[in-house]
Structures are given as C-alpha cells and as structure tokens.
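What follows is a single structure, written as structure tokens, with notes after it.
In the numbering used here, the protein residues as written are 30 to 653.
Dropping the structure here:
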C-alpha cells in the first residue's frame with residue numbers, strides 16, 4: 030500500500046443515495062423456504078467449505094499461523110459462520126481466522142435475525158454477529174466474532190471494494206446471485222481483483238459453473254475445474270490461483286513500546302496485546318492525565334452528506350468505537366451511559382449539514398433521527414469517564430504500564446528507546462501517542478499540529494438537572510451528572526497556552542450554554558450555577574482535522590522513507606474517545622501483518638506522510 034495521499038475517488042461512496050437504499054426491494058435468500066431447512070447448511074458446507082478443502086487446511090495449521098477467507102456476497106452470513114465454526118473446531122488454539130466479505134445490499138438487522146434463527150447450531154457465532162451487526166453505512170466494518178475470529182464486512186459494490194483492499198486471501202467464497210441475475214458482479218475486473226489479492230495457491234469455490242465465470246477466472250490466472258454440484262445443481266467450479274502450492278503464513282508479534290497512556294496509547298496497547306504482542310506503556314504522569322483525563326467525555330461524531338476522507342473517518346470511527354465499547358461492556362454503572370447524544374445546530378450551516386446527512390442516506394435512521402425540539406439524536410453515542418476507559422483497556426496481562434518518560438529513540442530493528450529514569454528499552458516497534466509533545470523528538474519538528482487550549486467547567490447538579498439522561502452537543506457540550514457534577518464545556522482557544530484555569534473561561538462555557546440551551550441553563554441554576562471545579566487540557570489537532578496514524582516518515586534527500594519501527598498515533602483533537610479504537614486497530618493490524626479494518630484510501634488519508642507529499646506538490650514548478 031502506498032503511503033502517499035490518494036487523489037482517487039472511492040467509487041461506491043459518492044452517489045447521492047446508496048445502492049442498498051434504492052426504492053426497489055432486494056430479493057433475499059431467506060425468503061425461500063429452502064433456507065429454512067438444514068439443506069442450506071449442507072449446500073454451504075459442500076460448495077464452500079469442502080470446495081476449498083478447509084477441513085484439511087485448518088487441521089494443518091500450526092500455532093502462530095493465520096488464515097484469510099474472502100467472500101463476494103455476505104447475504105445472511107451463513108457461509109462465513111460455518112467456516113468460523115469449522116476453524117474453531119479444527120485449528121490449533123494459537124491461530125487466527127480473518128473473514129472478509131462484501132455486501133452491496135445488506136440486510137436489515139431484523140431480517141438477519143430472522144434468517145439466522147433457522148440455524149440454531151450456529152448461535153454461539155451468530156449472537157456476536159447480531160450484537161455487532163453494523164448499520165448500512167458504506168465502507169469497512171470490523172466485527173469480533175470470537176477472540177480468534179474476525180469478520181470485516183465491506184458494504185458496497187464488490188469490484189470497487191476489492192479494488193481498495195490490500196489483504197491477501199487464502200480461500201475465496203464466490204457467492205452471490207447467479208451471473209444471469211447479477212451480471213455486473215461477475216465481470217473481468219472483479220476476477221482481476223481476486224487474482225491480485227490471492228496468495229500463491231489460494232483456492233476458490235463457487236456454486237456456479239457458468240462459462241463466463243470459468244473463462245473469466247482462467248483469464249485472470251486461476252486454474253479452474255468443473256465438478257458435481259450440490260443437490261439439483263449439476264455442476265459447480267473450484268480451483269487454485271497460479272501453479273504454486275499453497276502454504277500457510279504467520280502473523281507478526283513482538284515487543285511494542287508505547288509512549289503515552291492516554292486514549293491513543295491505551296487503545297493501541299490493547300489492540301496489540303490482543304494480537305499477541307507484549308506491550309510496555311510509558312507515561313511520566315500515569316494513566317489518562319492529559320487531554321484524556323476529564324471527568325467525562327462525549328462519544329459522538331459530526332454527520333455529513335459528503336463522504337470525503339475526513340467525514341468517512343468520522344463515521345467509520347464512530348460505529349467502530351461503539352463496537353469496542355459494546356465488546357468491553359463499557360461504560361458500566363457510575364462510568365457513563367450510551368443512550369444517545371442529542372446534537373443541536375448552532376446556525377443554519379450546521380442545520381443544513383445535519384439535514385443533508387439525513388437525506389443522503391449515508392447516515393441511516395438507525396444512527397441519526399430528527400427530534401421535535403430541533404435537535405438530532407445520534408444513536409448509540411453517550412458519555413463516559415475517559416480515565417476509567419483507559420484503565421479498562423490497559424488491564425491486560427500482556428501490558429505493563431510504567432511511570433517514565435521517553436526522552437529519545439533510535440529507529441531500527443530493534444528500536445532503542447532512552448528513558449528519563451535512566452537506561453534504555455528495546456522493542457520491535459515504538460508508538461508515539463504523546464499528542465503535540467511528539468514534536469520535541471528529532472525529525473518530528475515539522476509535524477503540522479495545532480495546540481488548542483480547552484477548559485471544562487464542573488457544575489454542581491440541581492434537583493432538576495440530576496434527572497438529565499443524555500449528553501447534549503451545541504456550540505460546546507453538556508453531560509448528565511457524574512459524581513454529582515455536570516461537565517460544561519469546553520472552551521476552544523488556539524492562542525492561549527496558559528495551563529491554569531480561570532473564572533473567565535468558566536463564564537465563557539456558561540454563556541455558551543445559556544445561548545444555545547437556555548432551558549438547560551435555567552435547570553442548572555441560571556445565574557446561580559455553582560462551578561465546583563474546572564480543568565484545563567490541551568487538544569492536539571492536525572491541519573486537516575484527521576489523526577496521524579501510521580509509520581513515522583523520514584526525509585532522505587529527494588526520497589521519503591519510513592523510520593524503521595517507529596509509528597505515530599496522534600492528533601485526535603476533541604474526538605479521542607471516538608477515533609482512537611479504529612486507529613488502534615489499523616496500527617496493530619499493519620504491525621501484525623493482518624487484514625486492515627479500513628480501505629486503502631482511508632489508510633492513506635491517515636498516514637502522517639501525507640503532509641510531506643502535500644509540501645512537495647506545492648513546491649513543484651507549474652508547467653507553462
């Protein structure tokens with residue numbers, strides 16, 4: 030994958046309305062009585078599991094090895110659930126299975142539940158699928174079906190989705206409607222993409238033996254054989270890519286050193302630990318003492334109809350963060366609530382943006398709904414204690430947290446890290462999750478980061494305000510009571526570097542609350558609101574409002590290189606709770622050599638090297 034900035038359009042994400050929200054109903058397999066019988070499982074087993082020889086291949090895996098299955102039509106998920114069940118039965122404990130599946134017309138959650146009810150034997154895997162089943166938002170959605178089984182659902186047109194994927198595949202399930210019913214899917218371009226992503230000797234199986242499919246696969250480099258089909262179907266097709274024997278591969282593990290124990294560092298540590306890495310987290314102040322240390326933070330996003338890389342990240346990271354929180358069953362009692370966030374537009378521009386997001390179909394009504402009071406309800410969001418969230422993430426036997434400071438490092442294999450407390454650490458990788466402090470290191474002074482002072486005011490709850498249930502966003506934000514205090518904030522000042530709180534900034538917060546939510550201001554006490562405490566923190570934001578997540582770039586004359594073993598996870602601004610889980614998974618998957626949770630264009634949009642590419646383009650002389 031290139032680390033440069035991409036100017037390509039991401040084709041399936043640009044239309045005014047999404048394909049799967051067309052007015053014409055889409056036929057669904059589970060409406061056929063055939064799928065209410067065990068024959069559906071038997072056919073999937075025969076065609077896809079046996080057709081790809083998965084039983085013998087799973088048994089042959091060794092500890093530390095990894096297997097990837099790609100599928101061209103997810104449907105009800107039956108094929109993938111059967112493959113996952115077989116893997117868990119046969120593969121050794123220390124192995125991983127990644128399932129990658131495209132779906133242009135995703136089922137509604139209720140329809141999926143009705144379909145999966147036909148197969149109670151799959152309930153152990155169907156339950157996490159249903160619990161994490163994503164809303165119909167375009168792009169990638171990463172689900173954890175089991176500690177050893179991950180499913181990446183890619184919503185959109187198959188060819189375009191695979192074109193933006195760089196995860197190599199060991200076995201293909203070529204499923205979906207027959208070529209006669211869906212000719213657009215079975216195109217030469219799709220077959221070329223499958224070939225590009227196939228490992229040497231990768232297998233495929235498909236229920237169809239249509240000539241257009243067999244010829245297309247052969248032209249793309251697959252060896253194709255026609256064999257007996259299942260039941261009343263006379264033939265099906267199976268085969269391999271190229272003329273090499275397939276061999277299993279290992280994923281990468283090692284020792285990661287992480288500088289910073291805030292949201293970015295804690296989520297990165299947890300993602301790596303769950304992939305088998307040993308992690309040392311270093312922070313002189315302890316856990317969540319910087320911008321991650323407020324009493325409460327809001328889990329939210331900013332909906333938009335325009336699916337630019339920035340807005341795509343805001344949406345994908347939001348639903349991804351909700352799945353992380355769901356998996357950890359966080360927040361618990363006294364830690365917050367995920368019962369929705371109400372957003373109130375502060376001007377017509379914001380109102381038009383929210384209305385446009387709703388009308389575009391990019392933000393389905395399962396995520397965004399209008400309210401009678403003029404606000405919009407962002408479903409699934411809420412408020413939580415960031416410090417408690419960081420502590421939860423760092424509570425893992427493979428993670429060690431030390432109160433020490435990284436004073437310098439030497440990139441390489443291994444990376445050598447100098448510590449303020451004396452001595453050095455060596456690691457296979459170093460992750461800098463130190464927000465704007467990353468600029469104090471050599472070769473990182475150029476980072477285009479903005480430092481934004483924010484003061485949040487902690488206001489004592491009243492009898493009326495104690496009944497508030499949902500977080501609210503306006504020009505600032507307002508949370509329900511936590512320990513008898515409401516968070517009202519936060520100021521946003523690019524030109525003030527004073528770390529000491531002030532009465533003036535409390536008044537700025539309260540005046541903003543009065544302007545945009547006057548009823549809440551009155552319920553909180555009006556002119557007699559009691560500010561019990563306040564906190565100042567400094568947000569770190571990039572010039573293009575996207576985080577920096579990827580390898581540290583290094584300038585070697587005319588060449589842009591990567592500093593070996595050094596990675597950045599920075600600049601999450603005021604959306605640290607929302608953005609850090611997706612960045613953590615992206616970083617951990619890249620370091621581990623596993624399939625990524627985002628497409629290549631979004632990964633490129635987050636890569637730190639993007640700023641150096643932009644600088645160089647600006648310096649190029651224009652042609653006459």
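From the three backbone atoms N, C-alpha and C, an ideal C-beta is built for every residue, glycine too.
Residue i burial status per 10 Å Cβ neighbour count (16 or more: buried)
i, result
"residue 523", "exposed"
"residue 56", "Low per-residue confidence applies at residue 56: pLDDT is 37, beneath 50, and the placement is therefore not dependable enough to give any value."
"residue 684", "In the structure as shown, the chain begins at 30 and stops at 653. Residue 684 is therefore absent and cannot be evaluated."
"residue 66", "Reliability of the predicted coordinates at residue 66 is poor, the pLDDT of 44 falling under 50, and no value is obtained from them."
"residue 274", "exposed"
"residue 211", "exposed"
"residue 264", "exposed"
"residue 170", "buried"
"residue 276", "exposed"
"residue 610", "buried"
"residue 588", "exposed"
"residue 68", "exposed"
"residue 658", "The shown model of the chain, from 30 to 653, leaves out residue 658, and the question about it has no answer."
"residue 638", "buried"
"residue 548", "exposed"
"residue 161", "buried"
"residue 234", "buried"
"residue 290", "buried"
"residue 134", "buried"
"residue 213", "exposed"
"residue 309", "buried"
Distance between residue j and residue i (C-alpha atoms, nearest Å)
i, j, result
"residue 50", "residue 579", "Confidence in residue 50 is poor, its pLDDT being 36 and thus under 50, which makes the residue's placement too unreliable to answer from."
"residue 427", "residue 378", "47 Å"
"residue 8", "residue 533", "No answer is possible for residue 8: it lies beyond the span of the chain, which begins at 30 and ends at 653."
"residue 77", "residue 163", "25 Å"
"residue 520", "residue 410", "22 Å"
"residue 80", "residue 272", "18 Å"
"residue 21", "residue 339", "Beyond the ends of the chain as shown, which are 30 and 653, falls residue 21; an answer cannot be given."
"residue 74", "residue 82", "10 Å"
"residue 64", "residue 594", "Any reading at residue 64 must be qualified, since the residue scores a pLDDT of 41, below 50, and its modelled position is unreliable; no value is offered."
"residue 640", "residue 632", "14 Å"
"residue 147", "residue 105", "11 Å"
"residue 615", "residue 173", "14 Å"
"residue 635", "residue 408", "26 Å"
"residue 625", "residue 195", "8 Å"
"residue 84", "residue 111", "11 Å"
"residue 352", "residue 72", "32 Å"
"residue 252", "residue 245", "11 Å"
"residue 249", "residue 207", "19 Å"
"residue 643", "residue 590", "15 Å"
"residue 92", "residue 230", "21 Å"
"residue 392", "residue 371", "15 Å"
"residue 508", "residue 515", "6 Å"
"residue 405", "residue 254", "55 Å"
Selection from the options that minimises the alpha carbon distance to residue i
i, options, result
"residue 203", "190, 186, 223, 197", "223"
"residue 192", "646, 644, 630, 634", "630"
"residue 512", "448, 414, 233, 385", "414"
"residue 479", "525, 452, 501", "525"
"residue 127", "157, 95, 103, 134", "95"
"residue 201", "108, 184, 209", "108"
"residue 489", "499, 357, 510", "510"
"residue 461", "535, 412, 383, 294", "294"
"residue 395", "619, 447, 348, 335", "348"
"residue 179", "257, 254, 98, 247", "98"
"residue 439", "596, 254, 621, 188", "596"
"residue 103", "88, 184, 157, 167", "184"
Query raised in the report: Any contact of the segment 120-134 with the segment 148-161, i.e. 3+ C-beta pairs under 8 Å?
Result: With the cut-off at 8 Å, the segment 120-134 and the segment 148-161 do not touch.
Requested in this report: Indicate whether the contact test is met: 3 or more Cβ pairs, each with one atom in the segment 464-471 and one in the segment 530-539, closer than 8 Å.
Outcome: No, the segment 464-471 is not in contact with the segment 530-539.
Query raised in the report: Is there contact here, the segment 239-246 with the segment 122-142, by at least three beta-carbon pairs under 8 Å?
Result: Flag = no, the segment 239-246 and the segment 122-142 do not touch.
Query raised in the report: Where in the segment 508-581 do unbroken runs of the beta strand (DSSP E), each at least 3 residues long, occur, reported from the N-terminal end onward?
Result: Within the segment 508-581, the complete beta strand (DSSP E) runs of at least 3 residues fall at 514-518, 560-571.
Report task. May I ask you to verify whether the segment 595-604 touches the segment 559-574, counting CB pairs closer than 8 Å and requiring at least 3? Result -> Touching, per the Cβ criterion.
Requested in this report: May I have a chain-ordered list of the beta strand (DSSP E) segments no shorter than 3 residues that lie completely inside the segment 319-376?
Outcome: Every beta strand (DSSP E) of 3 residues or more that sits fully in the segment 319-376 is shown, in chain order, as 326-328, 370-372.
**Report entry** Inter-stretch contact (C-beta, 8 Å, three-pair minimum) for the segment 214-231 and the segment 103-120
**Finding:** No: fewer than three Cβ pairs fall under 8 Å.
Query - Uninterrupted beta strand (DSSP E) stretches inside the segment 207-283 (no shorter than 3 residues) - result: List check, beta strand (DSSP E) in window: 227-235, 251-257, 264-270.
Query raised in the report: Mind pulling the beta strand (DSSP E) runs of 3 or more residues that sit fully within the segment 70-111?
Result: The segment 70-111 contains these whole beta strand (DSSP E) runs: 94-100.
Query - Stretch-stretch touch, CB-based, cutoff 8 Å, three pairs: the segment 360-371 with the segment 324-331 - result: Judged by Cβ distances under 8 Å, the segment 360-371 makes contact with the segment 324-331, as three or more pairs qualify.
Query raised in the report: Is there contact here, the segment 482-502 with the segment 582-602, by at least three beta-carbon pairs under 8 Å?
Result: A contact between stretches requires three or more CB pairs, one per stretch, nearer than 8 Å, and the segment 482-502 fails this requirement with the segment 582-602.
Query raised in the report: Are the segment 425-444 and the segment 452-462 touching by the rule of at least three beta carbon pairs closer than 8 Å?
Result: The segment 425-444 is in contact with the segment 452-462.
Query raised in the report: Counting pairs of beta carbons, one from the segment 294-314 and one from the segment 472-480, are three or more of them closer than 8 Å?
Result: Counting Cβ pairs under 8 Å, fewer than three are found: no touch.
Report task. Indicate whether the contact test is met: 3 or more Cβ pairs, each with one atom in the segment 415-422 and one in the segment 306-323, closer than 8 Å. Result -> Cβ pair count under 8 Å is three or more, so yes.
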